[in-house]
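*Asks:* Chains A and B, in that order, are what the protein sequence lines are.
When we follow the working numbering, the leftmost residue of the first sequence carries the number 14, and every step to the right adds one.
When we follow the working numbering, the leftmost residue of the second sequence carries the number 443, and every step to the right adds one.
Ideal placement from N, C-alpha and C gives every residue a C-beta, glycine not left out.
None of these values were measured; they are calculated from a predicted model.
Here it is: the structure, laid out below.
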Amino acid sequence: MADNFADVCLVGVGAVGGILAKELASAGLKVVGFERGPAPRHADYAPRDSIRFIARTDRLDWVRHEPTTTRSRASATAEIRYRTSPLNVLGGALLHWTGQVSRYMPGDFKVYTNEIVNGGAERAGADLTGYDVVDWPIGYDDLEPYYEKFEWEFGVSGRAGVNPFAGPRKRGYPLPPLRRSARMELFAEACGKLGYHAYDSPAGILSEAYKPPAPYDARIPERPACVYCGHCNFYGCHVHAKAATLYTAIPVAVSTGNFDLRTNCKVFRIDTDERGDATGVSYFDPDGAAREQRARVVIVGAFVFETVRLLLLSKTARFPGGLANSSGLVGKYILAHGDVRAYGLFDDFIVNGFIGPGSAAMRVDDFNGDNFDHTGLGFIRGGTIGTSGEGTPVSRMDVVPPDVPRWGRAYKEYYAKYYTRTFDLNIQPETLAHEDNVVDLDPQGKDRWGVPLPRVTFDFHQNEQRLHRFMTQIADKIMRATGASKVWTGEKERPNRWAGGARMGSDPRRSVVNGWCQSHDVSNLFIVGAPVFPTLAGYPPTATIGALSYRTAEYILRQKEWFK
Amino acid sequence: MSTPVLNDTQLRILEAVAERIFPATATPGAVAIGAVEYILRALAGDYPEMVGVYERGLGEIDRHALKRYGRNFLSLAETDMDCVLADFENARVDFADAADFFETVRCHVLEGVFGEPEYGGNRGLAGWRIVDFPGQQHGYPDAYINRRVDLPPVAVASKKEAK
Numbered sequence: 014m015a016d017n018f019a020d021v022c023l024v025g026v027g028a029v030g031g032i033l034a035k036e037l038a039s040a041g042l043k044v045v046g047f048e049r050g051p052a053p054r055h056a057d058y059a060p061r062d063s064i065r066f067i068a069r070t071d072r073l074d075w076v077r078h079e080p081t082t083t084r085s086r087a088s089a090t091a092e093i094r095y096r097t098s099p100l101n102v103l104g105g106a107l108l109h110w111t112g113q114v115s116r117y118m119p120g121d122f123k124v125y126t127n128e129i130v131n132g133g134a135e136r137a138g139a140d141l142t143g144y145d146v147v148d149w150p151i152g153y154d155d156l157e158p159y160y161e162k163f164e165w166e167f168g169v170s171g172r173a174g175v176n177p178f179a180g181p182r183k184r185g186y187p188l189p190p191l192r193r194s195a196r197m198e199l200f201a202e203a204c205g206k207l208g209y210h211a212y213d214s215p216a217g218i219l220s221e222a223y224k225p226p227a228p229y230d231a232r233i234p235e236r237p238a239c240v241y242c243g244h245c246n247f248y249g250c251h252v253h254a255k256a257a258t259l260y261t262a263i264p265v266a267v268s269t270g271n272f273d274l275r276t277n278c279k280v281f282r283i284d285t286d287e288r289g290d291a292t293g294v295s296y297f298d299p300d301g302a303a304r305e306q307r308a309r310v311v312i313v314g315a316f317v318f319e320t321v322r323l324l325l326l327s328k329t330a331r332f333p334g335g336l337a338n339s340s341g342l343v344g345k346y347i348l349a350h351g352d353v354r355a356y357g358l359f360d361d362f363i364v365n366g367f368i369g370p371g372s373a374a375m376r377v378d379d380f381n382g383d384n385f386d387h388t389g390l391g392f393i394r395g396g397t398i399g400t401s402g403e404g405t406p407v408s409r410m411d412v413v414p415p416d417v418p419r420w421g422r423a424y425k426e427y428y429a430k431y432y433t434r435t436f437d438l439n440i441q442p443e444t445l446a447h448e449d450n451v452v453d454l455d456p457q458g459k460d461r462w463g464v465p466l467p468r469v470t471f472d473f474h475q476n477e478q479r480l481h482r483f484m485t486q487i488a489d490k491i492m493r494a495t496g497a498s499k500v501w502t503g504e505k506e507r508p509n510r511w512a513g514g515a516r517m518g519s520d521p522r523r524s525v526v527n528g529w530c531q532s533h534d535v536s537n538l539f540i541v542g543a544p545v546f547p548t549l550a551g552y553p554p555t556a557t558i559g560a561l562s563y564r565t566a567e568y569i570l571r572q573k574e575w576f577k
Numbered sequence: 443m444s445t446p447v448l449n450d451t452q453l454r455i456l457e458a459v460a461e462r463i464f465p466a467t468a469t470p471g472a473v474a475i476g477a478v479e480y481i482l483r484a485l486a487g488d489y490p491e492m493v494g495v496y497e498r499g500l501g502e503i504d505r506h507a508l509k510r511y512g513r514n515f516l517s518l519a520e521t522d523m524d525c526v527l528a529d530f531e532n533a534r535v536d537f538a539d540a541a542d543f544f545e546t547v548r549c550h551v552l553e554g555v556f557g558e559p560e561y562g563g564n565r566g567l568a569g570w571r572i573v574d575f576p577g578q579q580h581g582y583p584d585a586y587i588n589r590r591v592d593l594p595p596v597a598v599a600s601k602k603e604a605k
């Protein structure tokens, strides 16, 4: 491949970059993919080692070089934080995700219409001061074919038609649901008693050996069924039953001969010319030398923090506020879920929560989105509630009711009896876009290349606080209905499932990209993935990220005149 | 270990603290399970910058014991040791990092008890046996619903995982 010119330059080769590389290189485009992390070997990601992947994540090669600084409000000083969310490794966070593949519901794309135009917020008596509630420029029907493609190429286990709140789908799931665990049985029974609509949560984990059939990509290799080892969330999958681009889309992209994959290469600037078009990227090669790569199209498939940082670092005289930022919204309206849980312990039932995977779960959406009457509740939107609580003794050592000490004889006796007798309900509550939640460049902190660190300013505000309280009460009620001997609730400090910072919209003054993930300002620059989410519904973003990636690839391939 | 990361007094205080966090009962406690060895290997390996944190914190534990009881930590009765540690846990000590230090030691001791044995703790898989965790099983052919998993615990060294 020519050294100095490519059709497409990808920044980040994770979920988004892996899918785009496969789609574009398969169509004959010359694609160069830059991944700032290494290409991991099986021995790097697959050990069922809770010290390495739970206790010492800050020492992982793909975490320790790329911290963020973090604070909860603009008046506080931001402190260094090592995060596992932007996993800086080939294949990205799909290497260690839990595997929940939930499509958004049709109403999740129309929050402004439902809440503001149709009066939902007023009926609820919600206080939306500081929030900017918007519609997506695209809807569920636009994404439906691409959700399907994601599900069938990566192999999703689930059962269609069981969740009454799900959007319509043309095809069912390629595989039946995963085997039901004890916690799923307890949850299903409890929801039955309460009249809630429990369903087997769709999982990007194979319930049977699977290879995508035609008309999907039959070059993707067959993978074996899940063995239920329970080392799932934060671990790489030792049998490759968990969906990851590392061993599906990426090797197919490489096999085309059109994909030039460069790991340990960190892009630090998107370059533009005097007309304002993107010309390629500047990057540090594995030896730390600054180099340039020219391309007709640049696609950023990086995590939220890195996407914002890169756009802000790419400012020029023509784009003084950062690239693609004429709206001033790059880095604004950052979104993340709270981690709200109800815990239960059982004197007379053995749960064996360490048997996996965590995404073998039952969920209810009766309190998600606009699926319930919010009149007078004081907040809008909702969240999905489902079973959780997998983990080794290292990851569960702080799952202790409030009246039991966290050390000493009483702790030991508690944990000896109850480690195998607890599980959690986890809530994934929608977060609204708030003006105080931003990512910008840290004025002091630098990474090992001397590039400013992304600084995250994030907190939950009044709508989230009220919603979290409400959802906790519902989860508490469900957990009590399981027959648990003791139930308690809690909220983990750390937000997770980040999105936003380059929101999509149809108005260039109020958004960064259009419905095709294309920059309003720079027509040959695309930003794909969680950063473009204008709202963060009450589900994980992964299925929607995958669908957006396939849809953007198709759009780019239709622009044949760009590649003549 | 070539150069000891802690001196003899510090080491004995750490052992006493570890044993209060996860004491021997009918089953072994933190020291017998290897939690202190786990911490020493962490300080000598992945976390060299924490040696100073331990040196300072263990010294402060002794200082607080002297202040509260007029005796060194190691000569206190177990219940008094617990009171000293509770003061650290609840930041009732004239040492700004007391609660953080206690939390660090607490986490490290429990990691040493329950972590994979290749890191120096969980000797003979004793930590896993105490809580009925069967370890790094390849998988589970059965869901074991409301039934104890009757498989002997298994440990797999990371380096053997390579394909």
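Would Q113/A be called buried (16 or more neighbouring beta carbons within 10 Å of its own) or exposed?
*Replies:* The residue given as residue 113/A occupies position 100 in the first sequence. So Q113/A ends up on the buried side.
*Asks:* For the beta strand (DSSP E) containing P264/A, name the first residue and the last one.
*Replies:* Position 251 of the first sequence holds residue 264/A. It is not in any beta strand (DSSP E) - P264/A instead sits in the alpha helix (DSSP H) that spans A262 to S268.
*Asks:* Take every Cβ of the region 90-109 of chain A, pair it with every Cβ of the region 395-413 of chain A, and state whether three or more of those distances are shorter than 8 angstroms.
*Replies:* At 8 angstroms Cβ cutoff, the stretches do not touch.
*Asks:* Is the beta carbon of W511/A less than 8 angstroms from the beta carbon of F297/A?
*Replies:* As a working note, residue 511/A is residue 498 in the first sequence. As a working note, residue 297/A is residue 284 in the first sequence. For W511/A and F297/A, no; Cβs fall outside 8 angstroms.
*Asks:* Taking one C-beta from the region 273-281 of chain A and one from the region 46-65 of chain A each time, how about it: are there three or more such pairs within less than 8 angstroms?
*Replies:* Because the criterion of three Cβ pairs below 8 angstroms is met, the region 273-281 of chain A and the region 46-65 of chain A touch.
*Asks:* Let me confirm a value: M14/A is counted as buried when at least 16 other C-beta atoms fall within 10 Å, else exposed. Which label applies?
*Replies:* On the first sequence, position 1 is the one that residue 14/A refers to. Note that M14/A scores a pLDDT of 39, beneath 50, so its modelled location is shaky; the value from the coordinates is reported in the next line. The residue is exposed, with fewer than 16 neighbouring Cβ atoms inside 10 Å.
*Asks:* Leaving out the 5 sequence neighbours to the left and right, which residues in its chain are closer than 7 angstroms to E560/B when beta-carbon positions are compared?
*Replies:* The count along the second sequence starts at 1 and reaches residue 560/B at position 118. A599 and S600, listed in sequence order.
*Asks:* Specify the secondary structure class of A8/A as computed by DSSP and reduced to three states.
*Replies:* As shown, chain A starts at 14 and ends at 577. That puts residue 8/A outside it, with no answer to give.
*Asks:* Just verifying my parser: in three-state terms, what is the DSSP assignment at F272/A?
*Replies:* Numbered from 1 along the first sequence, position 259 holds the residue referred to as residue 272/A. In the structure shown, F272/A sits in a strand (DSSP, three-state: E or B).
*Asks:* Which residues of chain A have a Cβ atom closer than 7 angstroms to the Cβ of Y561/B, listed in chain order?
*Replies:* The residue given as residue 561/B occupies position 119 in the second sequence. Result: I64.
*Asks:* Quick check on this structure: which residue in T557/A, I393/A and G357/A has the alpha carbon closest to the alpha carbon of A139/A?
*Replies:* Mapped onto the first sequence, residue 139/A falls at position 126. With distances taken between Cα atoms, A139/A lies closest to I393/A.
*Asks:* Less than 8 angstroms between the CB atoms is what I'm expecting for F163/A and G559/A, so what's the real figure, rounded?
*Replies:* Within the first sequence, the letter at position 150 stands for residue 163/A. Within the first sequence, the letter at position 546 stands for residue 559/A. Confirmed, Cβ separation roughly 4 angstroms.
*Asks:* When we look at the beta-carbon of K605/B and count the other beta-carbons within 10 Å, is it buried (16 or more) or exposed?
*Replies:* Here residue 605/B is taken as the residue at index 163 of the second sequence, counted from 1. Low confidence applies to K605/B: its pLDDT is 38, below 50, so where it sits in the model is not reliable enough to give any reading.
*Asks:* Report the rounded CA-to-CA distance for R282/A versus S85/A, giving the unit in angstroms.
*Replies:* The residue you call residue 282/A lines up with position 269 of the first sequence. The residue you call residue 85/A lines up with position 72 of the first sequence. Looking at the two C-alpha atoms, the distance is approximately 28 angstroms.
*Asks:* Using a beta-carbon distance below 8 angstroms, is N365/A in contact with chain B?
*Replies:* Within the first sequence, numbered from 1, the residue matching residue 365/A stands at position 352. It does; some Cβ of chain B falls within 8 angstroms.
*Asks:* In whole angstroms, give me the CA-to-CA distance for P415/A and D352/A.
*Replies:* Along the first sequence, read from residue 1 onward, the residue named residue 415/A stands at position 402. Along the first sequence, read from residue 1 onward, the residue named residue 352/A stands at position 339. Approximately 18 angstroms between the Cα atoms of the pair.
*Asks:* Measure the alpha-carbon distance for V447/B versus T83/A and round it to whole angstroms.
*Replies:* Position 5 of the second sequence, counted from the start, is the residue given in the question as residue 447/B. Position 70 of the first sequence, counted from the start, is the residue given in the question as residue 83/A. Rounded to the nearest angstrom, the two C-alpha atoms are 32 angstroms apart.
*Asks:* Excluding five sequence neighbours on each side, which residues of the same chain lie with their C-beta closer than 8 angstroms to the C-beta of S220/A?
*Replies:* Reading the first sequence from its first residue, position 207 is the one you call residue 220/A. The residues are S170, L188, P189, P190, L191, R192, A238 and C239.
*Asks:* Closer than 7 angstroms by beta-carbon distance: list the chain A residues that pair up with G581/B, in chain order.
*Replies:* Here residue 581/B refers to the residue found at position 139 of the second sequence. Residues of chain A passing the Cβ test: V240, Y241 and C242.
*Asks:* Report, in whole angstroms, the separation of the C-beta atoms of E502/B and V526/B, which I expect to be a contact under 8 angstroms.
*Replies:* Within the second sequence, numbered from 1, the residue matching residue 502/B stands at position 60. Within the second sequence, numbered from 1, the residue matching residue 526/B stands at position 84. Rounded, the Cβ-Cβ distance is 10 angstroms, inconsistent with contact.
*Asks:* Can you find a C-beta in chain B that's less than 8 angstroms from the C-beta of E198/A?
*Replies:* To locate residue 198/A, count along the first sequence from 1; it is residue 185. Yes, contact with chain B.
*Asks:* Extract the residue ranges of the beta strand (DSSP E) inside the region 64-149 of chain A, only unbroken runs of 3 or more that lie entirely within it.
*Replies:* Runs found: 81-84 and 92-94.
*Asks:* Starting from the C-beta of V310/A, find all residues in its chain whose C-beta is less than 6 angstroms away, skip the five residues before and the five after it, and write them out in chain order.
*Replies:* To locate residue 310/A, count along the first sequence from 1; it is residue 297. Taken in chain order, the residues that qualify are V21 and N537.
*Asks:* Does any C-beta atom of chain B lie closer than 8 angstroms to the C-beta of K425/A?
*Replies:* Walking along the first sequence from the start, residue 425/A turns up at place 412. Chain B contact via Cβ: present.
*Asks:* Taking 8 angstroms as the cut-off, decide whether the C-beta atoms of F543/B and G499/B are in contact.
*Replies:* What you label residue 543/B is simply residue 101 of the second sequence in a count that begins at 1. What you label residue 499/B is simply residue 57 of the second sequence in a count that begins at 1. A contact, by the Cβ cut-off of 8 angstroms.
*Asks:* Specify, as a first and last residue, the run of the alpha helix (DSSP H) that F259/A falls within.
*Replies:* On the first sequence, residue 259/A is found 246 positions in, with the first residue counted as 1. This sequence places Leu at residue 259/A; Phe is not what is there. Segment: none, L259/A is in no alpha helix (DSSP H) and carries neither H nor E.
*Asks:* Cβ of F167/A less than 8 angstroms from any chain B Cβ?
*Replies:* The sequence position of residue 167/A within the first sequence is 154, counting from 1. Closer than 8 angstroms: no.
*Asks:* 8 angstroms is my cut-off, CB to CB: does Y586/B come that close to chain D?
*Replies:* Among the protein chains of the structure shown, namely A and B, there is no chain D.
*Asks:* For the region 213-228 of chain A against the region 404-414 of chain A, are there 3 or more C-beta pairs whose distance is under 8 angstroms?
*Replies:* These segments do not touch.
*Asks:* Would you identify the three-state DSSP class for Q572/A, choosing helix, strand or coil?
*Replies:* In the first sequence, the residue the question calls residue 572/A occupies position 559. Reduced to three states, the DSSP call for Q572/A is coil.
*Asks:* Near E603/B, which residues of its chain fall below 8 angstroms by C-beta distance, leaving aside the five closest residues on each side in sequence?
*Replies:* Within the second sequence, residue 603/B is the residue found at index 161, counting from 1. With a pLDDT of 48 at E603/B, under the threshold of 50, the modelled position of this residue cannot be trusted, and the question is left open.
*Asks:* In terms of DSSP beta bridges, what is H350/A paired with?
*Replies:* Here residue 350/A corresponds to residue number 337 of the first sequence, with the count starting at 1. Paired residues: N509/A.
*Asks:* Using 8 angstroms as the threshold, is the region 435-451 of chain A in touch with the region 353-360 of chain A, meaning 3 or more CB pairs across them?
*Replies:* The region 435-451 of chain A, when compared against the region 353-360 of chain A, does touch it at the 8 angstroms Cβ threshold.
*Asks:* Along chain B, which residues have their Cβ under 7 angstroms away from the Cβ of S194/A?
*Replies:* Your numbering for residue 194/A matches position 181 in the first sequence. Residues of chain B passing the Cβ test: A585.
*Asks:* Applying the criterion that 16 or more other CB atoms from any shown protein chain within 10 Å of the CB defines a buried residue, is I572/B buried or exposed?
*Replies:* One-based indexing of the second sequence puts residue 572/B at position 130. With 16 or more Cβ atoms within 10 Å of its Cβ, I572/B is classed as buried.
*Asks:* Measuring alpha carbon to alpha carbon, tell me which of A497/A, C530/A and N509/A ends up nearest S519/A.
*Replies:* If you number the first sequence from 1, residue 519/A lands on position 506. Looking at the Cα atoms, C530/A is the closest of the given residues.
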